[in-house]
Structure formats: C-alpha cells, structure tokens
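Q: Residue numbering for the sequence shown follows the working numbering, starting at 168 and increasing by one per position.
Just so it is clear, CB atoms sit at the ideal spot from N, CA and C, and this is done for glycine as well.
Computed from a prediction, not measured in an experiment: that's the story for all the values here.
Dropping a structure here in structure tokens format, bear with me for questions.
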Amino acid sequence: MTQVRRITDNLVPLLMGIGGLVVARLALALAAQHEAHPAWHAAAALLAYTLTVALLGRIGGEDPYEAVADATRALAYVLQAALAGALQILCTTVQLLAVLCGGLAALTAPATS
168 MTQVRRITDN LVPLLMGIGG LVVARLALAL AAQHEAHPAW HAAAALLAYT LTVALLGRIG
228 GEDPYEAVAD ATRALAYVLQ AALAGALQIL CTTVQLLAVL CGGLAALTAP ATS
C-alpha cells in the first residue's frame with residue numbers, strides 16, 4: 168500500500184501541474200492575441216496556472232494552497248532532473264571530445280628526437 172501512496176503523492180501533483188501549464192499557455196496565447204502588455208501576459212499565465220491547479224486540487228479533495236504548492240514542487244523536481252541529465256550529457260560530450268582531440272593531437276604531432 169505504501170507504493171501506491173508514493174505514486175499518488177508524486178504523480179497526481181505532477182499531472183495537476185501539467186494541466187495548469189497547459190491552461191497557462193492558453194491564457195498566454197489569448198493575452199498575446201489581444202496585444203496586451205507583456206506584464207499582462209505573465210499575469211494571465213500565472214493566474215490561469217494557479218486557479219487551474221487550485222480547482223483541480225479542490226475537485227480532488229485537497230487543500231487548494233497545498234495543491235498549488237505540491238504541483239509546483241513536482242514540476243520543479245522534473246525540471247531539476249531534466250537539467251541534471253542535460254548537464255551530464257554535456258559533460259560526457261566534452262570529455263569525449265577532449266579524449267578524441269588529445270588522441271588525435273598525439274597522432275599528428277611531429278616526431279621529435
């Protein structure tokens with residue numbers, strides 16, 4: 168039962184956050200379509216995200232404030248993991264290039280006696 172609880176504790180807020188991001192993107196597009204000031208674009212997207220996640224939390228029987236906090240935290244964890252993975256790939260690529268370039272430099276260096 169603890170595994171099911173762990174999945175619902177992590178997956179449901181993530182799905183709420185993704186739903187909030189979808190609605191926030193729609194609000195951002197509507198604000199851009201009406202040629203509003205860029206500050207209004209951000210405000211509309213933030214308000215749409217917050218209200219959507221709070222409504223989904225309320226429907227799910229959670230406290231709306233905790234639902235917004237949990238969803239934002241879940242999205243932050245996913246973003247952190249994605250950035251860590253991208254950084255790992257970048258570091259591995261740089262190391263591979265260093266090894267290849269070092270090996271090629273040793274092969275093409277003029278012979279000294």
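Could you compute how far the alpha carbon of A194 sits from the alpha carbon of C258?
A: Working through the sequence shown from its first residue, we reach residue 194 at position 27. Working through the sequence shown from its first residue, we reach residue 258 at position 91. Each residue's Cα considered, the two are about 37 Å apart.
Q: Does the Cβ-Cβ distance between E180 and A251 come in under 7 Å?
A: Taking the sequence shown and counting its residues from 1, the one referred to as residue 180 is at position 13. Taking the sequence shown and counting its residues from 1, the one referred to as residue 251 is at position 84. In the sequence under discussion, the amino acid at residue 180 is Pro, which differs from the Glu named in the question. Not in contact: P180 and A251 (Cβ atoms no closer than 7 Å).
Q: Do V190 and A221 have their C-beta atoms closer together than 7 Å?
A: In the sequence shown, counting from the first residue as 1, residue 190 sits at position 23. In the sequence shown, counting from the first residue as 1, residue 221 sits at position 54. In this structure, A221 does not lie closer than 7 Å to V190 by Cβ.
Q: Per DSSP, what kind of secondary structure is G227 in: helix, strand or coil?
A: Translated into the one-based positions of the sequence shown, residue 227 becomes position 60. Looking at G227 - three-state DSSP - the assignment turns out to be coil, as it is neither helix nor strand.
Q: Among G269, L213 and M183, which residue has its Cα nearest to the Cα of A196?
A: Numbered from 1 along the sequence shown, position 29 holds the residue referred to as residue 196. For A196, the nearest C-alpha among the options comes from L213.
Q: Using the Cβ count rule (16 or more neighbours within 10 Å means buried), how would you classify T219?
A: Against the sequence shown, residue 219 aligns to sequence position 52. Classification of T219: buried, given that the 10 Å Cβ count is 16 or more.
Q: Buried or exposed: V261, going by 16 or more other Cβ atoms within 10 Å of its Cβ?
A: If you number the sequence shown from 1, residue 261 lands on position 94. With fewer than 16 Cβ atoms within 10 Å of its Cβ, V261 is classed as exposed.
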